[in-house]
Each structure stands twice: as C-alpha cells, then as structure tokens.
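Structure, as structure tokens:
In the UniProt record's numbering, the protein residues as written are 1 to 228.
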C-alpha cells in the first residue's frame, strides 16, 4: 500500500502541507505581539513550569510540577513516554483571568482549556498547544489518502508495542487523527485494535513524530481506556 519513496515525498511536501494546515485553524491570535511578549516573559521568568513543596506540616513533600500550559516544554521523543505525564495542570491563570470582564465567560474558557489538557491531544482541537484535527480522512496525502497515512503510522506504533512488550495487538481501523506541526509532524491517532486474534475491537491511541526525510518515530501505543 505504501510507496518505498514515501520519506522523500513527505520531505518535499512538508512545507506545503504546513501551510494548508495553518489555513484550517479556527483559533487565531488577536494580538501576536502581546502573545509573543507573554511567552518570552513566562519562559525567562520560570513560569513555564515549577516544582512546589508542601508548607508547614508537610514540609519537604514535593508536588508534581505545575505548568504554564502555553509554555509546556516539548521534550525529545522517547518511546512509551507521554509528554503530558508528570505534570499537574494549574487551572487558574491570573493572566487569563485579566482577559475577561465577565466571570461566566472566563469559566467557559477555563473549562475548555482544562478539557483540552485532559484530552492529551487525542480528541477535539487544542489551540493552546497548536494541535488540530485532520478532518477529512479521504483527502490526498502525498501518494495516498490521509486515512492510509494514519494507518501507516498507527501500524508502526503497534509493531513497536508488540516488539517491546511481547504483545499481540492487531491494528483494525482508524477512528480519528490530530496533528501538531513544528519541527516535524506530531500525530495523535485514535484507532481500533484487537489485543488477540479472536478479541473484540477496542479503542487504542498512538502517538508518533514524522520528520521529513527520516523514518517516523513511534512514541507510544496504548489502550485509550488507560487515560482517565
């Protein structure tokens, strides 16, 4: 199904696809200059993330890092490591609150932001992390459809899982896919799989990085039910 020169063709079309994805985004910064200044300030001052300790009676007990969601560090891809793990989302951001004069509007925004964090990139769009859905799975992608491309990436993740954990997971079909464009394409794929040849299909998640001109890098493959 997949062409032998797929990596080379991915590299040649990466810039073009990056542009097309950007056009589909629904959320745009209303003030790019202010946002840029805020990002620089947050990163330089250490607000990107910090480790707190309990006070008084619980002195010395280390909490999970609390992060400024916009500036969450983007680590190098590593197999079976979810970049969302080990962080505790700080649901109240005074800078966000200043942007809303109405408490109810702020609550709607905050609830949306919290849910985007909980989704870990696999459900609705997450404009705070520039993760957006691939809405048309039949749209052409290099020399195949988007669906076929996601099948290819998900199958690589399943293969890696089976090799690393001596599992017998079998890819069945694509449910949906999200993507973040940056130094490469980070794919968040939801798909159906069987854990045994005669097992019932169940929902799985796969994450991978696809760098132009290089083989895709599987990051994780897991049952969707393991994420609350």
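Glycine included, each C-beta is placed from N, C-alpha and C at the ideal position.
Best match in the options for proximity to residue i [C-alpha to C-alpha]
i           : options           : result
residue 232 : 200, 187, 168     : Any question about residue 232 goes unanswered here, given that the chain covers just 1 to 228.
residue 294 : 178, 99, 149      : The shown model of the chain, from 1 to 228, leaves out residue 294, and the question about it has no answer.
residue 157 : 209, 76, 104, 181 : 209
residue 167 : 103, 76, 223      : 223
residue 138 : 198, 131, 95, 148 : 148
residue 131 : 198, 204, 180     : 180
DSSP three-state assignment for residue i, whether helix, strand or coil
i           : result
residue 94  : helix
residue 117 : helix
residue 211 : coil
residue 162 : helix
residue 145 : strand
residue 109 : helix
residue 196 : coil
residue 167 : coil
residue 187 : strand
residue 203 : strand
residue 225 : helix
residue 150 : helix
residue 156 : helix
Through-space distance from residue j to residue i, alpha-carbon basis
i           : j           : result
residue 196 : residue 93  : 45 Å
residue 211 : residue 218 : 11 Å
residue 162 : residue 185 : 23 Å
residue 144 : residue 214 : 18 Å
residue 225 : residue 174 : 16 Å
residue 82  : residue 202 : 20 Å
residue 176 : residue 115 : 18 Å
residue 106 : residue 128 : 15 Å
residue 135 : residue 154 : 17 Å
residue 109 : residue 77  : 30 Å
residue 221 : residue 103 : 40 Å
residue 111 : residue 182 : 26 Å
residue 142 : residue 99  : 42 Å
residue 198 : residue 101 : 57 Å
residue 245 : residue 95  : With the chain running from 1 to 228 in the structure shown, residue 245 is simply not present.
residue 164 : residue 204 : 17 Å
residue 118 : residue 133 : 16 Å
residue 123 : residue 200 : 22 Å
Cβ neighbour criterion (16 or more within 10 Å) applied to residue i
i           : result
residue 125 : buried
residue 97  : exposed
residue 246 : Because the chain is modelled from 1 through 228, residue 246 falls outside the range shown and cannot be assessed.
residue 146 : buried
residue 79  : exposed
residue 113 : buried
residue 121 : buried
residue 160 : buried
Presumed contact (8 Å Cβ cut-off) between residue i and residue j, rounded CB distance
i           : j           : result
residue 193 : residue 172 : 6 Å
Residue i: CB within 7 Å of a non-hydrogen atom of the ligand GDP
i           : result
residue 159 : The ligand content of the structure shown is nil, which means the ligand GDP is not present either.
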